[in-house]
Amino acid sequence: MTNHQDAKTAESDPFQLVSHDTSGRFIAVEGMNGCGASTIVRKMCRELESDGYDVLRVKLPSDRLKRSSMFQVFHRQNRRSEIDPLAYEVAYMADKLHTSHNIILPALEQGKIVVADRYLLSSIGALLIRAPELATIVKDAIHNRPWFRDLAETLVKPDVSIHLTADAEVAVDRFLRLENNRAFDIESNAYQQLLDEGAEVARVNGMHSFDTTVDSVSRTFAKIKPHLDEVLVW
287 MTNHQDAKTA ESDPFQLVSH DTSGRFIAVE GMNGCGASTI VRKMCRELES
337 DGYDVLRVKL PSDRLKRSSM FQVFHRQNRR SEIDPLAYEV AYMADKLHTS
387 HNIILPALEQ GKIVVADRYL LSSIGALLIR APELATIVKD AIHNRPWFRD
437 LAETLVKPDV SIHLTADAEV AVDRFLRLEN NRAFDIESNA YQQLLDEGAE
487 VARVNGMHSF DTTVDSVSRT FAKIKPHLDE VLVW
């Protein structure tokens, strides 16, 4: 088999994450910046808590990674040339593994409902927006590198994975409306391509996708809720 064929196979195969056998439930919400993932997670947690569930919200990248010197250099001091993109992706993977094994799994064993604001694809949006020139290495790792797949497949598998997308112009406008993002120069056509690639990864991995371009937060959550109800009844 050729390298090209190997790459296509790796890109089309779903990740085989580790199913948990606990009394809790795990919900992951994925989505590129500007698609409303954090907003939906906040809404979801409020609704679940109002229904009496014991909810733990986790966000990736974690505060632990955000305090690291590499994260500070890359995200706060705008010195991207000092960061090796492969090292960046390894650090993000280590952060996912730590969060999955040491925070999410223990909470599930305690019977909690864990809601993750990004999970398997947590590094993609951050890197592709802030440093598109470095993104090739990260996408190559996700699609083609055995080390990435081997590590990813030790992560706890969500009981339901939600993927949010939106029209690129809308997503970019939402992202740039935040004061600390106004300096970014994002080309809508290029961002649409990234959104399409993310949607394909979501499709291959069996995520439930929802377009937030025109729907309100409440309307989007109403569409998501039946998928939550399926896993919250046990």
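Each number in our numbering corresponds to the 1-based position in the sequence shown with 286 added.
Heads up, the beta-carbon is just placed ideally off N, CA and C, and yes, glycines get one too.
At a cut-off of 6 Å, would you count residue 515 as near the ligand NAP, judging by its Cβ distance to the nearest heavy atom?
No copy of the ligand NAP appears in this structure; indeed no ligand is present at all.
Determine the extent of the alpha helix (DSSP H) in which residue 447 is found, giving its start and end residues.
It is not in any alpha helix (DSSP H) - residue 447 instead sits in the beta strand (DSSP E) that spans 446-451.
Do residue 487 and residue 474 have their beta-carbon atoms positioned less than 7 Å apart in this structure?
In this structure, residue 474 keeps its C-beta atom at 7 Å or more from the C-beta atom of residue 487.
Distance, residue 392 Cα to residue 351 Cα
Their backbone Cα atoms lie some 20 Å apart in a straight line.
What are the boundary residues of the alpha helix (DSSP H) that residue 324 is part of?
In the DSSP assignment, residue 324 falls within the alpha helix (DSSP H) that extends over 323-336.
Using 8 Å for Cβ pairs, my map puts residue 309 next to residue 397. What's the rounded Cβ distance?
In this structure residue 309 is in contact with residue 397, their Cβ atoms being roughly 4 Å apart against a cut-off of 8 Å.
Of all the options 322, 312, 313, which has the alpha carbon lying nearest to the alpha carbon of residue 450?
The option with the nearest alpha carbon to residue 450 is 322.
Residue 382: buried (16+ other C-beta within 10 angstroms of its C-beta) or exposed?
Residue 382 comes out buried.
What is the DSSP secondary structure of residue 504, counted as helix, strand or coil?
In the three-state reduction of the DSSP assignment, residue 504 falls in the helix class, which pools H, G and I.
Can residue 303 and residue 441 be called in contact, C-beta distance under 7 Å?
Yes, these two residues count as a Cβ contact at 7 Å.
Endpoints, the alpha helix (DSSP H) within which residue 492 is located
Segment: none, residue 492 is in no alpha helix (DSSP H) and carries neither H nor E.
With a Cβ-Cβ cutoff of 7 Å, do residue 318 and residue 481 count as a contact?
Yes, the Cβ-Cβ distance between residue 318 and residue 481 is below 7 Å.
Here's the rule I'm using: 16 or more other beta-carbon atoms within 10 Å means buried, otherwise exposed. How should residue 533 be labelled?
The chain is shown from 287 up to 520; residue 533 falls before or after that span and cannot be answered.
In the structure shown, what three-state DSSP assignment does residue 301 receive?
Residue state, collapsed to three classes: coil.
Cut-off 6 Å between Cβ atoms - residues of its own chain near residue 478, not counting five sequence neighbours on either side:
The beta carbon of residue 478 lies closer than 6 Å to those of 454 in the same chain, with the five residues before and after it left out.
So, at 7 Å on beta carbons, what are the nonlocal neighbours of residue 369 in its own chain, with the 5 sequence-adjacent residues on each side left out?
Excluding sequence neighbours, residue 369 sits near 356, 359, 360.
Residue environment, residue 235, which counts as buried when at least 16 other CB atoms sit within 10 Å
This structure cannot speak to residue 235, because the chain is shown only from 287 to 520.
Using 8 Å for Cβ pairs, my map puts residue 405 next to residue 516. What's the rounded Cβ distance?
About 19 Å separates the two Cβ atoms, so there is no contact after all.
In three-state DSSP terms, what is residue 518?
It is helical.
Three-state class that DSSP yields for residue 484 in the structure shown
In the three-state reduction of the DSSP assignment, residue 484 falls in the helix class.
From residue 493 to residue 507, what does the alpha carbon distance come to, in whole angstroms?
If you draw a straight line from the Cα of residue 493 to the Cα of residue 507, it comes to about 15 Å.
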